[in-house]
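At position 377 of the sequence shown (counting the first as 1) the number is 377 in the working numbering, and the numbers step up by one without a gap.
Data block below; observations after.
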Amino acid sequence: MMKRPIAWVLLTALLLSIAWPGAFPWSWGGSLFLVTSVAMVGMFVMVDMIHADARPHKGRRIFWLAYLGMGLFNLGTTWWLVNAHWSALFATVFFNGFLMAMLWTIYAWVLRLFDAKRAMWALVLGWLALEVFHEDWALSFPWLDLGNIYADKTPWVQWFQFTGHRGGVIWLLLTNWVMYQAMLSKRSGQSWWPAFKPAIPLIGLPSLLSLTLLWTAEDQGLRQHVALAHPDIDPYHEKYQLSDASVAAQWKVRAMDYLETAEKPVNLMVFPETFFYEGFDERIINMINPIRQIDSIIQVYPSCNLLMGVSTYAIYRPEDRTPSSRPDRSGRRYFDSFNTALHWGDGVPMRLYHKSKLVVGVETMPFAALMETYLGDLTVNMGGTTGTLGTQTNRVVFSDVDSLIKVAPVICWEQDYATFTRDFVAEGANLIAIITNDGWWANTSGHVAHAHYARLRAIENQRWVTRAANAGISAFINPQGEVMASRSWGEDDLFSHEVTLIEAQSFYTRYGDLLGRAGYWLFPFLLLSVWVRQRVRS
Numbered sequence: 001m002m003k004r005p006i007a008w009v010l011l012t013a014l015l016l017s018i019a020w021p022g023a024f025p026w027s028w029g030g031s032l033f034l035v036t037s038v039a040m041v042g043m044f045v046m047v048d049m050i051h052a053d054a055r056p057h058k059g060r061r062i063f064w065l066a067y068l069g070m071g072l073f074n075l076g077t078t079w080w081l082v083n084a085h086w087s088a089l090f091a092t093v094f095f096n097g098f099l100m101a102m103l104w105t106i107y108a109w110v111l112r113l114f115d116a117k118r119a120m121w122a123l124v125l126g127w128l129a130l131e132v133f134h135e136d137w138a139l140s141f142p143w144l145d146l147g148n149i150y151a152d153k154t155p156w157v158q159w160f161q162f163t164g165h166r167g168g169v170i171w172l173l174l175t176n177w178v179m180y181q182a183m184l185s186k187r188s189g190q191s192w193w194p195a196f197k198p199a200i201p202l203i204g205l206p207s208l209l210s211l212t213l214l215w216t217a218e219d220q221g222l223r224q225h226v227a228l229a230h231p232d233i234d235p236y237h238e239k240y241q242l243s244d245a246s247v248a249a250q251w252k253v254r255a256m257d258y259l260e261t262a263e264k265p266v267n268l269m270v271f272p273e274t275f276f277y278e279g280f281d282e283r284i285i286n287m288i289n290p291i292r293q294i295d296s297i298i299q300v301y302p303s304c305n306l307l308m309g310v311s312t313y314a315i316y317r318p319e320d321r322t323p324s325s326r327p328d329r330s331g332r333r334y335f336d337s338f339n340t341a342l343h344w345g346d347g348v349p350m351r352l353y354h355k356s357k358l359v360v361g362v363e364t365m366p367f368a369a370l371m372e373t374y375l376g377d378l379t380v381n382m383g384g385t386t387g388t389l390g391t392q393t394n395r396v397v398f399s400d401v402d403s404l405i406k407v408a409p410v411i412c413w414e415q416d417y418a419t420f421t422r423d424f425v426a427e428g429a430n431l432i433a434i435i436t437n438d439g440w441w442a443n444t445s446g447h448v449a450h451a452h453y454a455r456l457r458a459i460e461n462q463r464w465v466t467r468a469a470n471a472g473i474s475a476f477i478n479p480q481g482e483v484m485a486s487r488s489w490g491e492d493d494l495f496s497h498e499v500t501l502i503e504a505q506s507f508y509t510r511y512g513d514l515l516g517r518a519g520y521w522l523f524p525f526l527l528l529s530v531w532v533r534q535r536v537r538s
């Protein structure tokens with residue numbers, strides 16, 4: 001069986017899927033670290049087997065087998081998308097699998113023309129370039145960034161505070177390549193030890209550095225008490241059956257009762273994404289009944305600031321319309337809808353932040369401008385997906401009246417964009433507050449993986465992360481990516497924990513995604529040099 005290339009491709013898809021965060025329940029804490037060192041060996045085997053056989057069309061066969069393997073890897077780690085819509089799963093497997101397969105095809109092309117080391121440069125730089133590209137195009141999907149495989153293996157990747165999760169791309173690919181070289185030596189009758197020796201420092205030194213950083217970490221700074229609301233509301237059958245007014249009345253009482261009995265004064269209370277969903281006019285948001293009900297909490301407990309997710313809209317005259325705005329029924333005005341984070345407190349006016357990394361197909365339609373060119377006004381009447389939500393260009397940091405807690409309001413999908421989240425901290429945030437609704441994927445591995453990804457943002461930026469989810473997992477995560485308290489699927493609670501406000505910036509926060517940018521710019525030059533040399537040789 002393993003003498004056939006397809007068997008190695010299937011093995012790769014299986015190993016990557018079981019090593020990926022979410023493959024095991026949240027309560028288990030993590031998955032299989034050592035598997036990551038061999039999970040992609042099968043792809044290298046497949047390429048070499050096809051290069052060694054006598055059959056024609058090698059490049060085409062490598063591409064289709066790589067497409068199969070990467071497509072199944074995408075399927076095995078994102079199958080739960082079908083709970084939202086089958087098209088989301090199809091697009092992920094089709095497009096993401098295609099892009100990954102192209103990288104393996106390029107690796108095979110360079111390997112055939114030159115040598116293994118240059119081919120590995122092409123694969124590593126290509127993968128870095130793909131992930132950077134994937135952060136900012138119409139079909140953006142950073143969920144399967146290779147570094148995310150370590151999100152539930154945080155003791156081993158504390159050094160992400162220097163490299164960001166892109167360091168995981170290099171680590172994963174190189175360790176698998178070295179393991180393959182050792183296996184290749186053994187299969188050819190040579191001693192495997194010389195080829196295996198590079199794996200010792202390659203795996204050992206980053207792991208040793210990580211454990212040293214973990215054991216020597218100090219949680220120093222001002223301590224504040226934060227509470228998280230975890231309603232555990234099913235978005236399909238419960239959430240939209242309840243009015244915002246009834247939700248406000250219920251949670252006002254719960255919050256008051258909690259604050260009255262809390263052992264320490266709560267400085268910030270965080271409610272999930274779209275906690276109020278009916279849509280509020282931003283011009284009069286402080287006058288709307290559900291907001292006024294929740295505001296009464298502050299009147300009784302003025303030391304407690306509030307952060308919550310709400311749906312809002314802004315209205316424009318025709319001459320002031322934005323690219324994302326749509327006409328109202330009268331056709332005389334335009335409006336933008338927003339997925340919004342709202343923050344206020346005693347002496348702190350209400351401030352808004354609009355979610356700016358939108359979920360493709362749900363909150364934004366890919367290539368909407370192109371579609372509007374050909375379909376005209378029809379594009380704003382196709383079920384609410386082509387009319388994209390509004391966004392904003394700048395990151396906002398919310399502060400309390402004394403500027404002690406400076407919170408980054410990261411909304412759902414935004415947490416999966418490492419450089420985007422980093423921008424909040426670079427603007428001065430000393431706490432990352434993620435508000436999300438992970439119930440769309442039901443009780444599957446999706447919400448578990450999503451919660452684990454937040455642990456990487458904590459490590460990269462050396463910040464405490466709070467995570468308030470409508471459904472899914474709410475958690476307090478320290479700067480080492482350790483989960484200090486959490487509530488899972490099926491639990492309805494309001495709970496709190498002490499967090500430390502750290503002002504010092506990590507290397508990654510200060511300098512950004514150096515590895516990703518390097519790969520993005522170097523990869524085209526590498527391809528050009530390979531193409532030129534091929535032309536010269538021929």
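C-beta atoms are modelled at their ideal positions from N, C-alpha and C, and glycine is treated no differently.
- Contact annotation: Trp127 and Gly59 have beta-carbon atoms that are not nearer than 8 Å.
- In the DSSP assignment, Ser529 falls within the alpha helix (DSSP H) that extends over 514-537.
- Note: Ile432 is bridge-paired with Ala408, Val465 in the DSSP secondary-structure output.
- Pairing Met256 with Arg332, the inter-Cα distance amounts to about 44 Å.
- For Pro302, no beta strand (DSSP E) segment is defined, and its DSSP state is neither H nor E.
- Straight-line measurement puts the Cα of Asn478 at about 7 Å from the Cα of Ala458.
- The C-beta separation of Ala471 from Asp234 comes to about 6 Å, placing the pair in contact by the 8 Å criterion.
- Non-local C-beta neighbours of Glu491 in its own chain, meaning closer than 7 Å and more than five positions away in sequence, comprise His230, Asp232, ordered along the chain.
- Nearest neighbour of Val253 by Cα position, chosen from Leu146, Thr444, Ile294, turns out to be Ile294.
- Annotation for Gly126: the continuous alpha helix (DSSP H) segment containing it runs 116-134.
- Per DSSP, reduced to three states, the secondary structure at Asn267 is coil, with no helix or strand assignment.
- With at least 16 other beta carbons inside 10 angstroms of its own, Met365 counts as buried.
- Only residues of its own chain outside the window of five on either side were considered, and among them Arg422, Val425, Ala426, Asn461 have a CB closer than 6 Å to the CB of Thr509, listed in chain order.
- In the three-state reduction of the DSSP assignment, Ser403 falls in the coil class, being assigned neither a helical nor a strand state.
- Following the DSSP letters along the chain, one finds Ile203 inside the alpha helix (DSSP H) bounded by residues 199-216.
- Between the alpha carbons of Ser488 and Val41 lies a distance of about 35 Å.
- Taking a C-beta distance under 8 Å as the contact criterion, Tyr313 and Arg321 do not qualify as a contact pair.
- Between the C-alpha atoms of Ala408 and Leu184 there is a straight-line separation of about 48 Å.
- Looking at the DSSP output, Tyr353 sits in a beta bridge with Ala341.
- Exposure of Asp281 is indicated by the presence of fewer than 16 other C-beta atoms within 10 angstroms of its C-beta.
- Within the same chain, and ignoring the five residues on either side of Leu11 in sequence, the residues whose Cβ sits closer than 7 Å to its Cβ are Gly42.
- The region 297-311 and the region 263-271 touch, with three or more beta-carbon pairs separated by less than 8 Å.
- Between the beta-carbon of Leu15 and that of Val38 there is about 7 Å, and that keeps the pair under the 8 Å contact cut.
- Nearest to Leu228 by C-alpha distance, out of Phe44, Ile473, Thr77, Arg112, is Ile473.
- Spanning the alpha carbons of Tyr150 and Arg292 requires a straight line of approximately 43 Å.
- DSSP places Asp423 within a helical segment (H, G or I) once states are collapsed to three.
- Inter-segment contact for the region 504-519 and the region 159-166 is present: three or more beta-carbon pairs are separated by less than 8 Å.
- Relative to Phe507, the option among Ala475, Gly446, Thr419 whose CA is nearest is Thr419.
- In this structure, Ala101 sits near Ala66, with a CB-CB distance shorter than 8 Å.
- Among the bridge pairs identified by DSSP, Pro327 is matched with Tyr334.
- Shown here for Leu72: same chain residues with a beta carbon closer than 6 Å to its own, the five before and five after excluded, namely Ala13 in chain order.
- Phe276 is bridged by DSSP to Val310.
- In its chain, beyond the 5 residues on either side, Ser324, Leu358, Glu363, Thr364, Met365, Ala368 have a beta carbon closer than 8 Å to the beta carbon of Thr388.
- Collapsing the DSSP output to three states places Thr500 in a strand.
- Taking every protein chain shown into account, the CB of Trp531 has fewer than 16 other CB atoms within 10 angstroms, so this residue is exposed.
- Beta-bridge pairing by DSSP links Val360 to Thr364.
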